[in-house]
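So that you can map any letter, position 72 of the sequence shown is 72 in the UniProt record's numbering, and since no number is skipped, the others follow by simple counting. We put the CB at the ideal spot given by N, CA and C, even for glycine.
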Amino acid sequence: MSLDAAPIDRERWETLLHEQAAMFTATIERNTALEARVEELQRELGVWKLAMATAEKDNKALQRQVGSLNEDLILVLIDGDGCIFSPELLALGSNGGSRAANILTRGITAFLEEELGSRRVDIWTTIFLNFHGLGETLAANNIATVDQFNAFVQAFNQSGRLFTVVDCGKGKESADSKIKEYLRTFARFPQTAKVIFGGAHDNGYSASLKYLEHEGLLSKVVLLKGYTEVAVELKTLGLRELDIDNLFMKKKIPFKKPGLLATMSTPEIPTQRPPRNTPPTPSKARANLKLEGVSIGPTTVLHKLNPPPCNLYYLSTCPAGDECRYGHHYKLTPEQIETVRRNAKKSPCPIANRGQKCPHGDKCTMGHVCPRGYKCVYFKQQKCKFTGKNMHDGEPDYVRPNKGAAAADATTDTMDGDSDEIVFNFDQMGEQIASLRGS
């Protein structure tokens with residue numbers, strides 16, 4: 001190497017060292033930036049992991065909620081003042097309450113077993129009643145003491161987390177309004193598979209059930225029978241019925257007030273010519289209902305008896321039982337019963353009057369056609385009580401009563417106007433139907 005080339009080589013080496021130093025600096029700066037980015041990404045990853053864990057937890061919680069919503073709910077609503085548990089169960093006190101809850105649950109499960117299969121269901125049972133009033137009534141009729149009834153209700157309440165007895169206090173509407181609102185509200189829930197409704201004895205629930213029919217929800221309802229007889233207006237709805245053996249009383253309790261038996265010590269027996277201007281007091285009328293076999297003279301005007309004979313009792317079955325304000329105690333002859341039957345036909349059947357098919361057909365105790373037929377002047381004036389379709393298409397019925405048993409009622413069969421007997425029969429049946437709605 002010559003001396004002249006030495007400066008050139010030195011400059012080259014210095015240039016190379018500069019480039020190398022710059023490269024090292026740039027690499028270090030790049031590494032520092034990358035490390036900072038890695039730390040940032042790691043922090044973000046931690047945040048996302050936490051968010052993911054939270055989301056998974058929430059998702060599992062939602063899945064559990066969805067699963068619970070998919071479980072079928074069987075809603076059991078019972079009018080406890082009408083569906084009264086059997087005397088045998090009530091007399092057992094706390095043991096009876098536990099047994100009643102068990103019998104009720106097993107009866108409902110067995111009834112719905114085919115529909116529900118192996119699906120898990122919750123049976124939510126609520127009984128609405130006048131606790132104090134019912135307890136006194138049971139004690140007054142020697143069915144169960146107040147202490148036994150209290151123990152029964154407490155044990156029933158404690159039989160499961162979904163068993164509840166609600167004390168609605170005095171007043172029928174307080175219980176009815178709650179039951180009706182439960183029906184309207186919970187029947188709409190998609191998870192409500194069935195509503196077991198223990199109010200088959202009361203026509204007053206027909207409006208709420210018809211509302212469900214209008215909403216397309218009536219198929220969810222099953223009538224839980226207490227008394228043997230189902231209320232007339234509820235029968236027309238064609239609901240399925242559930243009757244659980246040995247659970248409820250089959251007939252109404254004869255007396256509802258303590259001490260009422262004392263009023264029967266001197267009952268008044270109606271004669272052929274009872275007082276016409278003095279209506280019986282409630283206590284006397286109630287006492288008369290317990291008497292049987294009081295014969296009526298062949299010339300007696302039936303509707304002027306005190307109290308008058310009950311149309312439903314002598315022609316069919318009176319759902320009011322011993323609470324009916326009309327007489328069940330008369331011993332009527334076949335001719336007199338025929339008079340009652342004939343006059344009952346002068347009152348329109350409420351089902352046929354709405355244009356619906358009466359399930360009783362020709363056996364219905366009330367009229368499906370107007371006795372005046374197409375000649376009815378009241379129909380032309382739009383005042384006739386027969387308002388259903390085709391009720392005035394037939395010939396007038398001028399059948400008059402035979403002599404003897406019904407001779408005194410002869411004027412009641414004329415078709416020239418509304419006689420007292422016709423008005424009486426219509427009012428009596430109307431009042432009985434109204435009382436059923438309020439019972």
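Test: K363 CB closer than 8 Å to a CB of chain B: Absent from the structure is chain B; it holds one protein chain and no more.
Per DSSP, cross-strand counterpart(s) of T236: Residue pairing for T236: DSSP places it in no beta bridge.
Option in F131, N203 and P190 with minimal Cα separation from V165: Taking V165 as reference, the option from F131, N203 and P190 with the minimal CA-CA separation is F131.
Integer-rounded CB distance, given that V340 should sit under 8 Å from L302: The distance from the Cβ of L302 to that of V340 is about 7 Å, consistent with a contact at the 8 Å cut-off.
Exposed unless 16 or more other CB atoms sit within 10 angstroms - verdict on G199: Classification of G199: buried, given that the 10 Å Cβ count is 16 or more.
Residues near D81 by beta carbon distance below 7 Å, same chain, minus five either side: Correct list, in chain order: L129, N130, L134 and A175.
For A101, the first and last residue of its enclosing alpha helix (DSSP H): A101 -> alpha helix (DSSP H) spans S94 to L116.
Contact test: G171 Cβ vs the ligand ATP heavy atom, cutoff 7 Å: Judged by which ligands are present, the structure shown has none, so any question about the ligand ATP falls away.
Bounding residues of the alpha helix (DSSP H) (the contiguous stretch that carries G198): G198 -> not in any alpha helix (DSSP H); beta strand (DSSP E) instead, spanning T192 to G198.
Within 8 Å, strictly: CB atoms of E241 and L218: Not closer than 8 Å, so no.
The region 36-43 / the region 152-172 touching (three or more Cβ pairs under 8 Å): No: fewer than three Cβ pairs fall under 8 Å.
Cβ shell of Y182 (< 8 Å), same chain only, five flanking positions each side left out: Around Y182: L75, L77 and T126.
One or two residues paired with F149 in a DSSP bridge: In the DSSP output, where bridge partners are listed per residue, F149 has none listed.
Whole-number beta carbon distance between C358 and C364, since they are thought to touch under 8 Å: Yes, C364 and C358 are in contact; Cβ-Cβ is about 5 Å, under 8 Å.
Cβ-Cβ separation, K225 to K194 (assumed contact under 8 Å), whole Å: Wrong, their Cβ atoms sit about 15 Å apart, outside the cutoff.
Under 8 Å between C-beta atoms of L89 and A100: In contact: L89 and A100 (Cβ atoms closer than 8 Å).
Classification of residue 441 by the beta-carbon crowding that lies within 10 angstroms, buried from 16 upward: The structure shown does not extend to residue 441, since the chain is modelled only from 1 through 439, so no value can be given for it.
The region 92-99 / the region 138-157 touching (three or more Cβ pairs under 8 Å): Output reads yes: the region 138-157 touches the region 92-99.
Separation of K57 from F85, as counted between CA atoms: About 47 Å.
Option nearest Y326 by Cα separation, candidates C310, T333, L315 and T317: The shortest Cα separation from Y326 among C310, T333, L315 and T317 belongs to C310.
Rounded C-alpha distance that separates E213 from L237: Cα to Cα, E213 sits roughly 9 Å from L237.
D243 to F197 span [Cα, whole Å]: Approximately 11 Å, taken between the alpha carbons.
A231 to G321 span [Cα, whole Å]: For A231 and G321, the gap between their C-alpha atoms comes out near 13 Å.
Delimiting residues of the beta strand (DSSP E) encompassing T126: Its beta strand (DSSP E) spans residues V121 to L129.
Any beta strand (DSSP E) of 3 or more consecutive residues that is wholly inside the region 54-87: Complete beta strand (DSSP E) runs here, min 3: 72-79.
Coarse secondary structure for V221, derived from DSSP in three states: DSSP places V221 in strand when its eight states are reduced to three.
Opposing strand residues paired with E241 [DSSP bridges]: L223.
Spatial neighbours of R184 in its chain, beta-carbon cut-off 7 Å, leaving aside the 5 residues before and after: Cβ neighbours of R184 within its own chain (closer than 7 Å, five residues either side excluded): S208 and Y211.
Buried or exposed by the 16-neighbour rule on C-beta atoms within 10 Å, applied to K345: Its Cβ being crowded by 16 or more others within 10 Å, K345 is buried.
Continuous alpha helix (DSSP H) stretch holding F163: start and end: Counting along the chain, F163 falls outside any alpha helix (DSSP H), though it belongs to the beta strand (DSSP E) covering F163 to D167.
Expected contact under 8 Å - CB spacing of A155 and V146 to nearest Å: Actually they do not touch by this definition, with Cβ atoms about 15 Å apart.
Nearest to E229 (by Cα), restricted to the options T300, F186 and S316: Nearest C-alpha to E229: S316.
Cutoff 6 Å; reference K375; Cβ partners in own chain excluding five residues on either side: Sequence-distant Cβ neighbours of K375 in its own chain, meaning closer than 6 Å and more than five residues away, are P396.
For G216, three-class secondary structure by DSSP: Correct three-state label for G216: coil.
For T192, the nearest candidate out of K49, V121, Q382 and V47 (CA to CA): With distances taken between Cα atoms, T192 lies closest to V121.
Cβ-based neighbour list, H18, same chain, cut-off 7 Å, excluding 5 preceding and 5 following: Nothing meets the Cβ criterion.
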